[in-house]
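Trainee: My questions all concern the structure below.
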Amino acid sequence: MSTSPTTGTRSTTVPEEAAVRRALFSAPRPSRPSAVAAAFTFGWRGMLKVKHVPEQLLDVTITPVMFVLLFTYLFGGAIAGSTGDYLDFILPGILVMSVLFTTVYSGVALNTDVTKGVVDRFRSLPIWRPAPLVGALLGDSARYLVAGTVIIVLGVVLGYRPGNGVLGVLAALALVILFAFALSWAFTTLGLLMRSPNAVMNAGFMSIFPITFLSNVFVDPDTLPAALEWFVDVNPISHLVTASRGLMDGGLEADSVAVSLGTAAILTAVFAPLTARLYRNKI
Amino acid sequence: MSSTLAIEATGLVKTFGTTRAVDGVDLAVRSGSVYGVLGPNGAGKTTTIRILATLLRPDGGEARVLGHDVVAEADAVRGVVSLTGQLASVDEDLTGRENLILIARLLGLGRAEAKARAAELLEAFGLAEAAGRLVKHYSGGMRRRLDVAASIVVTPQVMFLDEPTTGLDPRSRNQVWDIIRALAAGGTTILLCTQYLDEADQLAEGIAVIDHGKVIAEGTPGQLKASVGAGALHVRLLDPDQRSAAERVLTRELDVVHLEPDPAALSAPCADADRGAQAVAELSRAGIGIANFSLGQPSLDEVFLALTGHPAEEEPAEDEVIDEERAA
Numbered sequence: 005m006s007t008s009p010t011t012g013t014r015s016t017t018v019p020e021e022a023a024v025r026r027a028l029f030s031a032p033r034p035s036r037p038s039a040v041a042a043a044f045t046f047g048w049r050g051m052l053k054v055k056h057v058p059e060q061l062l063d064v065t066i067t068p069v070m071f072v073l074l075f076t077y078l079f080g081g082a083i084a085g086s087t088g089d090y091l092d093f094i095l096p097g098i099l100v101m102s103v104l105f106t107t108v109y110s111g112v113a114l115n116t117d118v119t120k121g122v123v124d125r126f127r128s129l130p131i132w133r134p135a136p137l138v139g140a141l142l143g144d145s146a147r148y149l150v151a152g153t154v155i156i157v158l159g160v161v162l163g164y165r166p167g168n169g170v171l172g173v174l175a176a177l178a179l180v181i182l183f184a185f186a187l188s189w190a191f192t193t194l195g196l197l198m199r200s201p202n203a204v205m206n207a208g209f210m211s212i213f214p215i216t217f218l219s220n221v222f223v224d225p226d227t228l229p230a231a232l233e234w235f236v237d238v239n240p241i242s243h244l245v246t247a248s249r250g251l252m253d254g255g256l257e258a259d260s261v262a263v264s265l266g267t268a269a270i271l272t273a274v275f276a277p278l279t280a281r282l283y284r285n286k287i
Numbered sequence: 619m620s621s622t623l624a625i626e627a628t629g630l631v632k633t634f635g636t637t638r639a640v641d642g643v644d645l646a647v648r649s650g651s652v653y654g655v656l657g658p659n660g661a662g663k664t665t666t667i668r669i670l671a672t673l674l675r676p677d678g679g680e681a682r683v684l685g686h687d688v689v690a691e692a693d694a695v696r697g698v699v700s701l702t703g704q705l706a707s708v709d710e711d712l713t714g715r716e717n718l719i720l721i722a723r724l725l726g727l728g729r730a731e732a733k734a735r736a737a738e739l740l741e742a743f744g745l746a747e748a749a750g751r752l753v754k755h756y757s758g759g760m761r762r763r764l765d766v767a768a769s770i771v772v773t774p775q776v777m778f779l780d781e782p783t784t785g786l787d788p789r790s791r792n793q794v795w796d797i798i799r800a801l802a803a804g805g806t807t808i809l810l811c812t813q814y815l816d817e818a819d820q821l822a823e824g825i826a827v828i829d830h831g832k833v834i835a836e837g838t839p840g841q842l843k844a845s846v847g848a849g850a851l852h853v854r855l856l857d858p859d860q861r862s863a864a865e866r867v868l869t870r871e872l873d874v875v876h877l878e879p880d881p882a883a884l885s886a887p888c889a890d891a892d893r894g895a896q897a898v899a900e901l902s903r904a905g906i907g908i909a910n911f912s913l914g915q916p917s918l919d920e921v922f923l924a925l926t927g928h929p930a931e932e933e934p935a936e937d938e939v940i941d942e943e944r945a946a
C-alpha cells in the first residue's frame, strides 16, 4: 500500500478493510510482562516525553539558574562577604530546590493522563496495576538527574569546587533524587485529586515554593526571628540541604541524612498507597 | 450460562451521587457479533462500557465477559478485552509509532516484535507516513485510527468502542467503520456505543436502545426501524407558493404529507427509496421547482420519540456526571 500524501484517493491514504484484516494479530497472545518490565516500559515513556517536550525541563531549570546568578552576584557579597563564599553556601541548596520543583510535574503529568483519557487504556490493560505510577516516577527520576546535573555544572562553571569531589557530589545527588522520588508521590496524589493540570501546577508550586524558601537554602537560620527559625530548623528540606552540603563539601551531618531518609520513607509510605488507591478507583 | 454469549450483564446499577447513571441494564451479546448500544448523551452508555471494561465497579447487578466476572475476575477480563474510549486514549506527547510500541511492550511483546508490530499496524491504518509525528498534531480521524490500532496490537476477543466516530468527518467515519467491519470479520466481539442510529444500523446485528440508564428497546436494526417508521422524504421548494400543488402530488404518491413550519418545506413518511425517487420525479414533471430534497432514515430523535414519547433530550453529558462525582 502506497502512502503517498499527494493523492487523495481512497486506496492510498485510508486503511482498507483487507489491509486491516491482514494486520490482525495472528501469533499466540504473548505472556504478560513482569511488574518490573511493565514499570520500566512506563519509565521509557517518561523519558520520551523529556525528549519531545523539553520545555517542561527548561521551565524548572531556568528558575534555579536565575536564582544562582541573582543571589550569588546580587546578594552574595552582602550575605556572605564574597560572591565565591556565597556560591559555596547556596549551590547545594539550589540543587535541592531545583530538583524538588521538578517533582510538581509528576502530578501535572498524571493529571494530564487522566484528563486526556490515556489512563483509561492503561487501566484496561492486563498489567501490574501500579506500573504506570511507579514507571512514571522512575522516568521522572531521570529528569531529576538532568535538572540536578545542570545546576552542578553551572556551579562548577561559576567557580564552585565541592570539597568532597565527584563522589561527594554523586552521593548528594543520589540522596536528593531519592527524596524527590518520595515527594513525587505527594504530588501524584494531588494530581489525582485536582481537576486540571493547571490546578495541580498552581497548587503544587504554591506549596513547594514557600516550603523550600522557608529553609536554609538561601540564608543561615540563626539570623531569622525565633518562630521562623524554629520552622526552618524542623523543615525536612533544611535537613536535606544540610545533608547535601555535608556530602558535597565535607563535614558529613549524619543526623540530617537520617532525617532526610526518614522523611522520604514516610512520604512514600503515606502517599504511594494513597496514590495507588485513588488511581485504582478513579472514575 | 450459555457459552455462546461473549458479554452478559444483568441488572447493572451505577450511581453517582443522586444520579442513577446506570439503572438496571441487562445485555446479552453473542460471541463474534457487533452489538450496538444506542442512546443520547448521558443515557448511561459510557458508564456501562466502563463497568464492562473493569474501569468502574458496579453498585449492583453483575456482568461477565467471556465468562469472567468483571469485579471478581477483573484481571482475567482485562486479558481478553480492549477499550477505545470516548476521548481518544492515546498519548498526545508521543509519536504514533511510540504509542503503539508502548502498548505492544505492555502486552508482552519483545522489543523487536513490538517495533515490527507497530510498523505493520501503522501501514495497515494508513498512518505510516505520520508515524514519527507527535499525536497532538494528528487530525481527529488519524487520532481515532491510531486509537483503534492501539486496541488491536494484540487482537482482543472482545472490544469496547465508545462513540468511535463522534466528531469525525464523514470520510474518517467511513474509515473507522471499515476497520470495525474488518475486526468483526476477524471474529472479535464488538460492543459499540453510539448516538447515531445510522452507525448502529450500518454495523450492528443487535441494538439496545438506552435512556436514563435503562434499556428501553432491544432488537435487530430492522426491528427497531420498523417499530419507529422507516423514514421520511423531505422536500424544500424554490417557491413557497407552489406548496399546495406539491402537497397534492406527494399525497397522490406517498399518501400522507406533513407541511413543515418552513413555508417552502414538506415531508412525507416513506419507507422505500424507489417510491421516494418516483415522488420527486413527479414533482419535477408537474413543473414544481425543488431547492433540495432528502430521503432520510429516522434519526435518533425520531427513534426516541417513537419509543419513549419524548425526544432524545440533551442530558448533562456523562463526563459532567463524572466531574460531579470527582468533585464530591
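In the order they appear, the protein sequences are chains F and Y. Each residue of the first sequence is one higher than the one before, counting from 5 in this note's numbering. Each residue of the second sequence is one higher than the one before, counting from 619 in this note's numbering. Even for Gly, the Cβ is constructed at its ideal location relative to N, Cα and C. In this text the structure is predicted, and so the values were computed from the model without any measurement.
Going straight from the alpha carbon of L898/Y to that of P858/Y, what length do you get?
Mentor: By 1-based counting over the second sequence, the position of residue 898/Y is 280. By 1-based counting over the second sequence, the position of residue 858/Y is 240. Per the sequence presented here, residue 898/Y reads as Val, with Leu not at that position. So the two alpha carbons sit approximately 16 Å from each other.
Trainee: Do C888/Y and L868/Y have their C-beta atoms within less than 7 Å of each other?
Mentor: As a working note, residue 888/Y is residue 270 in the second sequence. As a working note, residue 868/Y is residue 250 in the second sequence. With a cutoff of 7 Å on beta-carbon distance, C888/Y and L868/Y are scored as not near each other.
Trainee: What residue range is occupied by the uninterrupted alpha helix (DSSP H) comprising E680/Y?
Mentor: For the purposes of this step, residue 680/Y is identified with residue 62 of the second sequence, where counting begins at 1. Looking at the DSSP string, E680/Y is not in any alpha helix (DSSP H); the run it does join, the beta strand (DSSP E), is G678 to V683.
Trainee: Count Cβ pairs between the region 155-170 of chain F and the region 782-801 of chain Y that sit closer than 8 Å; are there 3 or more?
Mentor: no
Trainee: Pull the bridge partners of E878/Y from the DSSP assignment, please.
Mentor: Numbered from 1 along the second sequence, position 260 holds the residue referred to as residue 878/Y. Looking at the DSSP assignment, E878/Y forms no beta bridge with any residue, so it has no partner.
Trainee: Comparing the C-beta of K53/F with each C-beta of chain Y, is any distance below 7 Å?
Mentor: If you number the first sequence from 1, residue 53/F lands on position 49. Chain Y, which has a Cβ nearer than 7 Å to the Cβ of K53/F, makes this yes.
Trainee: What does a CB cutoff of less than 6 Å around L95/F pick up in its chain, not counting 5 residues either side in sequence?
Mentor: Taking the first sequence and counting its residues from 1, one reaches residue 95/F at position 91. Taken in chain order, the residues that qualify are G159 and Y164.
Trainee: Taking the beta strand (DSSP E) that S700/Y belongs to, which residues open and close that run?
Mentor: Position 82 of the second sequence, counting from 1, holds the residue named residue 700/Y. Its beta strand (DSSP E) spans residues V699 to T702.
Trainee: If you measure from the beta carbon of S35/F to each beta carbon in chain Y, is any gap under 7 Å?
Mentor: Numbered from its first residue, the first sequence carries residue 35/F at position 31. At least one chain Y Cβ lies under 7 Å of S35/F.
Trainee: Looking at the strands, I want to know which residues DSSP matches up with D859/Y.
Mentor: Against the second sequence, residue 859/Y aligns to sequence position 241. Partner(s): none; D859/Y has no beta bridge.
Trainee: Which whole runs of the alpha helix (DSSP H) in the region 144-197 of chain F are 4 residues long or more, in chain order?
Mentor: 169-197
Trainee: Once the 5 residues before and after R723/Y are set aside, which same chain residues still bring their CB inside 7 Å of it?
Mentor: Taking the second sequence and counting its residues from 1, the one referred to as residue 723/Y is at position 105. Within the same chain, R723/Y has close Cβ partners A732.
Trainee: Of the residues that make up the region 188-202 of chain F, which ones have a beta carbon closer than 8 Å to any beta carbon in chain Y?
Mentor: R199
Trainee: Enumerate in chain order the residues of its own chain whose CB-to-CB distance from L62/F is below 7 Å, with the five nearest sequence positions on each side excluded.
Mentor: Position 58 of the first sequence, counted from the first residue, corresponds to residue 62/F. Excluding positions up to five away in sequence, the list is empty.
Trainee: Starting from E741/Y and walking both ways along the alpha helix (DSSP H), at which residues does that stretch end?
Mentor: For the purposes of this step, residue 741/Y is taken as the residue at position 123 of the second sequence. Unbroken alpha helix (DSSP H) run through E741/Y: R729 to A742.
Trainee: Indicate whether at least one CB of chain Y lies closer than 7 Å to the CB of G121/F.
Mentor: Along the first sequence, one-based indexing puts residue 121/F at 117. Interface flag for G121/F against chain Y is set, since a Cβ pair is found closer than 7 Å.
Trainee: Could you say if the region 253-273 of chain F and the region 175-194 of chain F meet the contact criterion of at least three C-beta pairs nearer than 8 Å?
Mentor: yes
Trainee: Taking 7 Å as the limit between beta carbons, can you name the residues of its chain near T272/F, skipping five residues before and five after?
Mentor: In the first sequence, counting from the first residue as 1, residue 272/F sits at position 268. Cβ neighbours of T272/F beyond the five flanking positions: A186 and W189.
Trainee: Alpha carbon to alpha carbon, how far is R668/Y from V689/Y? Give it in angstroms, no decimals.
Mentor: Residue 689/Y sits at position 71 when you count from the first residue of the second sequence. Residue 668/Y sits at position 50 when you count from the first residue of the second sequence. R668/Y has its alpha-carbon roughly 12 Å from the corresponding atom of V689/Y.
Trainee: Step through the CB atoms of chain Y and report whether any lies within less than 7 Å of the CB of E257/F.
Mentor: Along the first sequence, one-based indexing puts residue 257/F at 253. Contacts with chain Y at 7 Å (Cβ-Cβ) do not include E257/F.
Trainee: If we ignore side chains and look at the alpha-carbon of each, how far apart do K55/F and A706/Y end up?
Mentor: Here residue 55/F is taken as the residue at index 51 of the first sequence, counted from 1. Here residue 706/Y is taken as the residue at index 88 of the second sequence, counted from 1. Cα to Cα, K55/F sits roughly 22 Å from A706/Y.
Trainee: Comparing alpha-carbon positions, which option in D641/Y, R682/Y and E817/Y lies nearest T622/Y?
Mentor: For the purposes of this step, residue 622/Y is taken as the residue at position 4 of the second sequence. By alpha-carbon distance to T622/Y, the top candidate from D641/Y, R682/Y and E817/Y is R682/Y.
Trainee: Let me check understanding here. Comparing Cα to Cα, which of T702/Y, S769/Y, D711/Y and A624/Y lies closest to P58/F?
Mentor: Stepping through the first sequence from its first residue, residue 58/F is reached at position 54. With distances taken between Cα atoms, P58/F lies closest to D711/Y.
Trainee: What in chain F is Cβ-close to D591/Y, meaning under 7 Å?
Mentor: The question about residue 591/Y has no answer, for chain Y in this structure spans 619 to 946.
Trainee: Which one of S769/Y, V771/Y, K632/Y and G744/Y has the shortest CA to CA distance from M760/Y?
Mentor: The sequence position of residue 760/Y within the second sequence is 142, counting from 1. Nearest C-alpha to M760/Y: G744/Y.
Trainee: Would L856/Y and A924/Y be called neighbours here (beta carbons separated by less than 7 Å)?
Mentor: Position 238 of the second sequence holds residue 856/Y. Position 306 of the second sequence holds residue 924/Y. No. Outside cutoff.
Trainee: Run through the DSSP bridge pairs and tell me what N910/Y is partnered with.
Mentor: Position 292 of the second sequence, counted from the first residue, corresponds to residue 910/Y. Paired residue(s): R854/Y.
Trainee: Any beta carbon of chain Y sitting closer than 7 Å to that of L91/F?
Mentor: For the purposes of this step, residue 91/F is identified with residue 87 of the first sequence, where counting begins at 1. For L91/F, not one C-beta of chain Y is nearer than 7 Å to its own C-beta.
Trainee: Please classify R723/Y: does DSSP put it in a helix, a strand, or coil?
Mentor: Working through the second sequence from its first residue, we reach residue 723/Y at position 105. Correct three-state label for R723/Y: helix.
Trainee: With 7 Å set as the bound, which would you pick, yes or no: does the beta-carbon of D796/Y sit closer than that to a beta-carbon of chain F?
Mentor: The residue you call residue 796/Y lines up with position 178 of the second sequence. True, the Cβ-Cβ gap to chain F drops below 7 Å.
Trainee: Quick check: is the beta carbon of W132/F nearer than 7 Å to any beta carbon in chain Y?
Mentor: As a working note, residue 132/F is residue 128 in the first sequence. No, its Cβ sits nowhere closer than 7 Å to a Cβ of chain Y.
Trainee: Hey, A863/Y and I906/Y: beta-carbon distance below 7 Å or not?
Mentor: By one-based count along the second sequence, residue 863/Y stands at place 245. By one-based count along the second sequence, residue 906/Y stands at place 288. Yes, they are a contact pair.
Trainee: Looking at C-alpha atoms only, which residue of L244/F, N168/F, F105/F and Q60/F is the closest neighbour of G255/F?
Mentor: Taking the first sequence and counting its residues from 1, one reaches residue 255/F at position 251. Checked all of L244/F, N168/F, F105/F and Q60/F; the closest Cα to G255/F is N168/F.
Trainee: Taking all protein chains shown into account, do 16 or more other C-beta atoms lie within 10 angstroms of the C-beta of R715/Y, making it buried, or fewer, making it exposed?
Mentor: Residue mapping note: residue 715/Y aligns to position 97 of the second sequence, counting from 1. It counts as buried.
Trainee: For the putative contact between V655/Y and L810/Y, defined by C-beta atoms under 8 Å, what is the C-beta separation to the nearest angstrom?
Mentor: The count along the second sequence starts at 1 and reaches residue 655/Y at position 37. The count along the second sequence starts at 1 and reaches residue 810/Y at position 192. So it is a contact: roughly 7 Å between Cβ atoms.
Trainee: Using a beta-carbon distance below 7 Å, is A43/F in contact with chain Y?
Mentor: Within the first sequence, numbered from 1, the residue matching residue 43/F stands at position 39. It does not; no Cβ of chain Y falls within 7 Å.
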